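Undergrad:
2 protein chains.
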Amino acid sequence: MTRIDDVARLAGVSTATVSRALRGLPTVSEATRQRVRLAAEQLGYTASPSASRLAGGKAGTVAVLVPRISSWFSGAVVDAAEELLRPAGYDLLLRTVGGRSRAQERLPGTADLPKRVDAVLLVATPALVSAAPVFAAPAFGGRPLPGVTVAAGAPVPGWPSVGVDDVAAARTATEHLLQLGHRRIVCLSGDATDDLTRPADLDRRWGYREAMLAAGTPAEGILEFAARAGVEGGRQATAKLLARGTPPTGIVATCDELAMGAIVALCRAGLRVPADVSVIGVDGHQFARAIGLSTVAQPAAELGRLAAGTLLDRLSGARHDDTEPGRVILPTRLILRETTAPPRAH
Amino acid sequence: MTRIDDVARLAGVSTATVSRALRGLPTVSEATRQRVRLAAEQLGYTASPSASRLAGGKAGTVAVLVPRISSWFSGAVVDAAEELLRPAGYDLLLRTVGGRSRAQERLPGTADLPKRVDAVLLVATPALVSAAPVFAAPAFGGRPLPGVTVAAGAPVPGWPSVGVDDVAAARTATEHLLQLGHRRIVCLSGDATDDLTRPADLDRRWGYREAMLAAGTPAEGILEFAARAGVEGGRQATAKLLARGTPPTGIVATCDELAMGAIVALCRAGLRVPADVSVIGVDGHQFARAIGLSTVAQPAAELGRLAAGTLLDRLSGARHDDTEPGRVILPTRLILRETTAPPRAH
DNA sequence: TTGTAGGCGTTATCAT
DNA sequence: ATGATAACGCCTACAA
Numbered sequence: 062m063t064r065i066d067d068v069a070r071l072a073g074v075s076t077a078t079v080s081r082a083l084r085g086l087p088t089v090s091e092a093t094r095q096r097v098r099l100a101a102e103q104l105g106y107t108a109s110p111s112a113s114r115l116a117g118g119k120a121g122t123v124a125v126l127v128p129r130i131s132s133w134f135s136g137a138v139v140d141a142a143e144e145l146l147r148p149a150g151y152d153l154l155l156r157t158v159g160g161r162s163r164a165q166e167r168l169p170g171t172a173d174l175p176k177r178v179d180a181v182l183l184v185a186t187p188a189l190v191s192a193a194p195v196f197a198a199p200a201f202g203g204r205p206l207p208g209v210t211v212a213a214g215a216p217v218p219g220w221p222s223v224g225v226d227d228v229a230a231a232r233t234a235t236e237h238l239l240q241l242g243h244r245r246i247v248c249l250s251g252d253a254t255d256d257l258t259r260p261a262d263l264d265r266r267w268g269y270r271e272a273m274l275a276a277g278t279p280a281e282g283i284l285e286f287a288a289r290a291g292v293e294g295g296r297q298a299t300a301k302l303l304a305r306g307t308p309p310t311g312i313v314a315t316c317d318e319l320a321m322g323a324i325v326a327l328c329r330a331g332l333r334v335p336a337d338v339s340v341i342g343v344d345g346h347q348f349a350r351a352i353g354l355s356t357v358a359q360p361a362a363e364l365g366r367l368a369a370g371t372l373l374d375r376l377s378g379a380r381h382d383d384t385e386p387g388r389v390i391l392p393t394r395l396i397l398r399e400t401t402a403p404p405r406a407h
Numbered sequence: 062m063t064r065i066d067d068v069a070r071l072a073g074v075s076t077a078t079v080s081r082a083l084r085g086l087p088t089v090s091e092a093t094r095q096r097v098r099l100a101a102e103q104l105g106y107t108a109s110p111s112a113s114r115l116a117g118g119k120a121g122t123v124a125v126l127v128p129r130i131s132s133w134f135s136g137a138v139v140d141a142a143e144e145l146l147r148p149a150g151y152d153l154l155l156r157t158v159g160g161r162s163r164a165q166e167r168l169p170g171t172a173d174l175p176k177r178v179d180a181v182l183l184v185a186t187p188a189l190v191s192a193a194p195v196f197a198a199p200a201f202g203g204r205p206l207p208g209v210t211v212a213a214g215a216p217v218p219g220w221p222s223v224g225v226d227d228v229a230a231a232r233t234a235t236e237h238l239l240q241l242g243h244r245r246i247v248c249l250s251g252d253a254t255d256d257l258t259r260p261a262d263l264d265r266r267w268g269y270r271e272a273m274l275a276a277g278t279p280a281e282g283i284l285e286f287a288a289r290a291g292v293e294g295g296r297q298a299t300a301k302l303l304a305r306g307t308p309p310t311g312i313v314a315t316c317d318e319l320a321m322g323a324i325v326a327l328c329r330a331g332l333r334v335p336a337d338v339s340v341i342g343v344d345g346h347q348f349a350r351a352i353g354l355s356t357v358a359q360p361a362a363e364l365g366r367l368a369a370g371t372l373l374d375r376l377s378g379a380r381h382d383d384t385e386p387g388r389v390i391l392p393t394r395l396i397l398r399e400t401t402a403p404p405r406a407h
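Chains as they are written, first to last, in the working numbering: chain Z, 62 to 407; chain C, 62 to 407.
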């Protein structure tokens, strides 16, 4: 592998000049810079990251922590974040930090983060993760690792957070059914013990309750039903629900995947959507549009971009104030499609 | 941040011993190892990756190159791969290498890979990417970067590849419809100019053709229809197809998302699936099961695990032979559900 | 504007 | 089994 001296020799300058020229530092004459660039190109030279990081003191890397990357939300956020981070010169270190269960093991393999990355992007991780000691105060006076949380279960002290108001989102969804005239509405939500269930689910359940209660629903009218995560989980839970007796006239699912599963179950049970029962989700999943699912959409990609931008600001030292970092809440949008309608008059 | 000398001092040994002890090298007495471990723990010491990499010569990182991470396939593969790579001590460097269009720009920001990672995992990337010079021969005698391709559009010379036989998969799907008695079958495939269309789509189209031709279909019976990627793309394309005149009795989609879109379009057009038209996909998407979509499933997670395992073998130097690396083809499974049936007798 | 030299924190080599 | 002591390849004062 070619090293910096090779380039220096070829260009007829010192290694220091090569370093400066290639990194675009101002104290280099245009002429030399050109010569150095040419030499570097000819040799196919690239600075060794380990060496520059060691010498320069910055990792040039952002850790992306997700429960798992194979979920539409993580994927959308990370894709969007990468679009800003890469051009800014940062690499993405991907790490799954496990769901609720694994999180308890003190976030295994996270202690090395401060030395390995410049900042952290925490996506859709459960509350326990936020309490990880690494995020709080690295041993002995090192300043805390900068970071941002996106739709996390709990804020990390000192980190800004971006997300949506999940309580309000679910409330909006529920209110929509209420306004259509529905009264017997069940909330289908992710089983909290399921690692795949996102932390947002909990808030969304609260949103459902609030809306129902505000509408004067008696306590026994709060109909909550837990499902394993994913479309299949939603289908199974709904099937079970239908087997129990009179179906509800409306279903609010805490995420679109569950909603889609519910629709499948309803169709198979011979019930028509929305003629017999209305279904609305929360998420704005890619599939929702094609399926015609009514939903309260959250701007996943926008959240990713915003988080990345915030991180970059912080890293470039633009904002280094000690004021408690902000909590940005992006708006959700109620999107009415073909799965919600007034209940059948009986 | 605590450094190795701090630990050495506290443990009363030299830095060399600390290094050896912590890395589990054999030439350390159990007693000292314990003392060192304790000291390290007390100080919360973690070796600086930049320094170890610089000194040790290995990056401890695997680059994961995907067109985009927000696709069910990439996500599934990467999640599975991470499960092997992390415990083995490797970090994942995530990078999107752009689709067809961006790939032409000589894979911007890939030239640094040899110095940054120990190996590469190339997932579902188009053919052009495989030709990237970095993968072939780093300048001046450095040995080529090890790597594996997963479901890539073209093999990288010298790298093993894992994947499925996409031609056969689509052929199987098509033959299924053929055997049910369908004759007027259209193939719905991803628009090749769409960055989001996976390279496998092309092969799958061939599979359709082969099956049709083998069944004695005249050339004008080969009905191919391109769609933008995703469920919505499949829906739109199918809607357009239906608007053109007599619908086919069967649709083979080159991926499940397109198949789901097709189903939506058919339903909206008042056609019943499978009574009026049968639909079968290829992929084994998470949603397929819940939706009841018949499909030819590929083992995405298994591919990821296999790729990671292969990489680890190669990295541990277990196999360093110069024989041309293997091409592992995992079997696909025809899964019959509720979207395929014999055509209506007319 | 450019060159010189010391240091970044580990690991590897060679003694002991 | 353990301790000095060079590398490792680059960056950053400081000097010129």
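Note that beta-carbon positions come from the ideal geometry of N, C-alpha and C, so glycine has one too. These numbers come from a predicted model, not from an experiment.
Does the beta carbon of V338(Z) come closer than 8 Å to any beta carbon on chain C?
TA: Taking Cβ atoms only, chain C never reaches closer than 8 Å to V338(Z), which makes this a no.
Undergrad: When you compare each of R245(C), L376(C), L397(C) to A180(C) by their alpha carbons, which one comes out closest?
TA: Among R245(C), L376(C), L397(C), the Cα nearest to that of A180(C) belongs to L376(C).
Undergrad: Distance check for G365(Z) and A141(Z), CA to CA, integer angstroms please.
TA: When rounded, the distance between both Cα atoms is 5 Å.
Undergrad: Along the beta strand (DSSP E) that carries D152(Z), what are the first and last residues, could you check?
TA: Its beta strand (DSSP E) spans residues 152-157.
Undergrad: The beta strand (DSSP E) with A124(Z) in it runs from where to where?
TA: Segment 122-127, the beta strand (DSSP E) holding A124(Z).
Undergrad: Would you kindly report the start and end of the unbroken beta strand (DSSP E) that includes I283(C)?
TA: No beta strand (DSSP E) holds I283(C); DSSP gives it neither H nor E.
Undergrad: Determine the contact status of D337(C) and R405(C), defining contact as a CB-CB distance below 8 Å.
TA: Yes, these two residues count as a Cβ contact at 8 Å.
Undergrad: Give me the subset of the stretch 123-136 of chain Z whose CB atoms are less than 8 Å from a CB atom of chain C, sorted by chain position.
TA: Flagged, chain order: V125, R129, I130, S131, S132, W133, S135, G136.
Undergrad: Taking 8 Å as the threshold (beta carbon to beta carbon), is T356(C) in contact with chain Z?
TA: So no, T356(C) is outside the interface.
Undergrad: Count the other CB atoms, across all protein chains shown, that sit within 10 Å of the CB of K176(C); report buried if there are 16 or more and exposed otherwise.
TA: Result: buried.
Undergrad: Find the nearest neighbour of H280(Z) within the set R289(Z), A290(Z), Y269(Z), judged by alpha-carbon distance.
TA: For the sequence presented, residue 280(Z) should be read as Ala rather than His. With distances taken between Cα atoms, A280(Z) lies closest to Y269(Z).
Undergrad: Starting from L303(Z), follow the alpha helix (DSSP H) in both directions and report where the run begins and ends.
TA: Looking at the DSSP string, the run of the alpha helix (DSSP H) that includes L303(Z) is 291-304.
Undergrad: Would you check if there are 3 or more beta carbon pairs closer than 8 Å linking the stretch 345-356 of chain C to the stretch 392-402 of chain C?
TA: At 8 Å Cβ cutoff, the stretches touch.
Undergrad: Is D140(C) close to chain Z? Criterion is C-beta to C-beta, closer than 8 Å.
TA: Yes, because at least one Cβ of chain Z sits closer than 8 Å to the Cβ of D140(C).
Undergrad: For A287(C) versus R265(C), is the C-beta distance shorter than 8 Å?
TA: It is not a contact, given that the beta carbons lie outside the stated cut-off.
Undergrad: Under 9 Å Cβ-Cβ, which residues of chain C neighbour E293(Z)?
TA: Residues of chain C passing the Cβ test: Q347, F348, R350, A351.
Undergrad: With DSSP as the reference, label L391(Z) as helix, strand or coil.
TA: The answer is strand: DSSP assigns L391(Z) an E or B state.
Undergrad: Which residue marks the beginning of the alpha helix (DSSP H) containing S132(Z), and which one marks its end?
TA: No alpha helix (DSSP H) holds S132(Z); DSSP gives it neither H nor E.
Undergrad: So for G118(Z), helix, strand or coil by DSSP?
TA: Three-state DSSP puts G118(Z) in coil, outside helix and strand.
Undergrad: Whole angstroms is fine: what's the gap from A290(Z)'s alpha carbon to T258(Z)'s?
TA: C-alpha separation (whole angstroms): 6 Å.
Undergrad: Considering only the alpha carbon of each residue, which of A108(Z), L373(Z), T393(Z) lies closest to L146(Z)?
TA: Ranking A108(Z), L373(Z), T393(Z) by Cα distance to L146(Z) puts L373(Z) first.
Undergrad: Work out the CA separation of L154(Z) and L274(Z) for me, nearest whole Å.
TA: If I take the Cα positions, the gap works out to 44 Å.
Undergrad: At the level of alpha carbons, what is the spacing between L126(Z) and A193(C)?
TA: For L126(Z) and A193(C), the distance between alpha carbons rounds to 29 Å.
Undergrad: Tell me the DSSP bridge mates of L183(Z)?
TA: The partner list for L183(Z) (beta bridge, DSSP) reads L126(Z), T210(Z).
Undergrad: Within 10 angstroms of the Cβ of R305(C), are there 16 or more other Cβ atoms? Answer buried if so, exposed if not.
TA: By the neighbour-count rule (16 or more Cβ atoms within 10 Å), R305(C) is not buried but exposed.
Undergrad: Report the CB separation of A197(C) from R156(C) in whole angstroms; it is logged as a contact under 8 Å.
TA: Contact doesn't hold; Cβ gap of about 18 Å is too wide.
Undergrad: For L332(C), which of helix, strand or coil comes out of DSSP?
TA: Note: L332(C) maps to coil in three-state DSSP.
Undergrad: Check the Cβ-Cβ distances between Q95(Z) and every residue of chain C, and say whether any is below 8 Å.
TA: By this cut-off, Q95(Z) is not an interface position.
Undergrad: Relative to the alpha-carbon of H346(C), which residue among V68(C), A172(C), A361(C), A300(C) has its alpha-carbon at the smallest distance?
TA: Measuring from the Cα of H346(C), the nearest candidate turns out to be A361(C).
Undergrad: For A172(C) versus T210(Z), is the C-beta distance shorter than 8 Å?
TA: Against a cut-off of 8 Å, the Cβ pair of T210(Z) and A172(C) comes out as no contact.
Undergrad: How many angstroms separate the CA atom of R129(Z) from the CA atom of T278(C)?
TA: Near 45 Å, if we compare the C-alpha coordinates of T278(C) and R129(Z).
Undergrad: Taking 8 Å as the CB-CB limit, is D173(Z) close to chain C?
TA: Answer yes: the Cβ-Cβ gap between D173(Z) and chain C drops below 8 Å somewhere.
Undergrad: Give me the Cα-Cα distance between A323(C) and D67(Z), rounded to the nearest whole angstrom.
TA: Spanning the two alpha carbons is a distance of roughly 58 Å.
Undergrad: On the DSSP bridge list, what partners appear for C248(Z)?
TA: In DSSP, C248(Z) forms a bridge with E285(Z), V313(Z).
Undergrad: Could you tell me if I390(C) is buried or exposed, where buried requires 16 or more neighbouring beta carbons within 10 angstroms of its beta carbon?
TA: Classification for I390(C): exposed.
Undergrad: State the Cα-Cα distance for the pair V343(Z) and T299(Z), rounded to the nearest angstrom.
TA: Distance between the alpha carbons of V343(Z) and T299(Z): 17 Å.
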